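Engineer: Have a look at this one before I ask anything.
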Amino acid sequence: MATIKRLVTAGNHDPAGPPEHENNVWIVGDDAEVILIDPAHSPDEIVDAVAGRRVTDILLTHGHWDHVRAAVEVASRAGATVWLNPADQFLWKQEHTEAFTPLADRQQFSVADVALTARFTPGHTPGSTVFLAPELGAVFSGDTLFEGGPGATRWEYSSFEQIIGSITEHLLSLPDNTQVHTGHGPSTTVGAERPQREAWIARGW
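Take the sequence shown: its position 191, counted from the start at 1, is 191 in the UniProt record's numbering, and no numbers get skipped.
So, in structure tokens, the structure goes:
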């Protein structure tokens, strides 16, 4: 049976700067094979955590630098395919010249006899995506939903209205005990976040 492991890595938008920006890298699988979600910052740490297992796929929740910068090197070393919603291609191109494989809404991936399903959740970025794993009672939300509210929508390509709609439709509709595994910081549950929706709307972020 598949398990979920969190690896916290750190980096900096300036590659020469100190590692001060922490990300969650999610490793889903068993002793033989894994899927990586958002391999951030440190290829060596990620490859070490994989520990020789087969990486079937690398899934990206969106195209921001801290979520994609290590993806190409990890994919090369692991022999894996990188998947990203093509709506975030413009962000990917800020970091990489290599191609990714376009992800489709509702596309399914299988690892260790469990399925992960992509659901497009625009708002934080146009191509933001969450990955549902109902057999594990979990969703990987990237920067769409955190403990205490939605991800940032301060960029011109972001939309608070969209992110609220995405969260309402695709995340708050899940069972209360669903674990929400985020791109940064602690995990939360759908049941803990749903009652706060109106407060998020009132504050506007």
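Beta carbons: idealized from backbone N, C-alpha and C, even for Gly. All values derive from a computational prediction rather than experimental measurement.
(1) Please state the DSSP three-state secondary structure of G165.
(2) Our contact map puts G137 next to Q179 with C-beta atoms below 8 Å; I'd like the distance itself, whole angstroms only.
(3) Given this structure, state the Cα-to-Cα distance separating E33 from P150, to the nearest angstrom.
(4) Whole angstroms is fine: what's the gap from V47's alpha carbon to V68's?
(5) Given 8 Å as the limit, is there contact between the stretch 177-192 and the stretch 138-147, that is, 3 or more CB pairs closer than that?
(6) Could you please give me the residues that DSSP links to W26 through a beta bridge?
(7) Let me check understanding here. Comparing Cα to Cα, which of H170, T189 and E169 lies closest to D176?
(8) Does the beta-carbon of A118 have 16 or more other beta-carbons within 10 angstroms, so that it is buried, or is it exposed?
(9) Once the 5 residues before and after A199 are set aside, which same chain residues still bring their CB inside 7 Å of it?
Structural biologist: Put simply:
(1) helix
(2) 6 Å
(3) 32 Å
(4) 15 Å
(5) yes
(6) R6 and I37
(7) T189
(8) buried
(9) none
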